[in-house]
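**Q** Start counting the sequence shown at 1; every next residue gets the next number (full-length UniProt numbering).
Idealized CB from N, CA, C, for every residue including glycine.
Model, not experiment: these values are computed from the prediction.
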Amino acid sequence: MSLAQEHCPAVVSPLNDTELAALLQQVQGWSVQAGKLVKTFRFANYYETLAFVNASAFISHREDHHPELHVSYNACQVAYDTHSVNGLSRNDFVCAAKLDALI
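Here you go:
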């Protein structure tokens, strides 16, 4: 099963370095910055950007896992982390893969 097909469980563990490296290989264009999983998505215009934001809100609500979003005219930066583990968990990568599948 691919990451995009998984669902986020309520209880998770923090990732170790080996798990983190393996999961990073499965999500193109994402990087770890200041302890968060980050990617900037670029679009042709504001309408496309907001359509992406709305789709990401639907995913976030369904998975009960919410990123930080920084929105501009033609871009949306997404940053995931898992507060309950004070770092990154598999849920961050599951949601990242779901967002990638939108594009």
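Give the range of the alpha helix (DSSP H) segment to which residue 61 is assigned.
**A** That run of the alpha helix (DSSP H) goes 46 to 63.
**Q** Considering Cα atoms alone, identify which of 73, 24 and 53 is closest to residue 94.
**A** 24
**Q** If contact is defined by three or more beta carbon pairs under 8 Å, each pair taking one atom from either stretch, is the stretch 66 to 74 in contact with the stretch 44 to 57?
**A** yes
**Q** Which residue wins for smallest C-alpha separation from residue 21, given the options 32, 11 and 13?
**A** 32
**Q** Could you tell me which of 42, 50, 84 and 30 sits nearest to residue 64, measuring between CA atoms?
**A** 84
**Q** Is residue 58 closer than 8 Å to residue 41 when the C-beta atoms are compared?
**A** no
**Q** Looking at the secondary structure, which residues open and close the beta strand (DSSP E) in which residue 76 lies?
**A** 75 to 80
**Q** Report all residues from its chain with a CB closer than 8 Å to the CB of residue 88; omit the five preceding and five following residues, and keep chain order.
**A** 14, 15, 20, 32, 35, 36, 37, 80, 81 and 82
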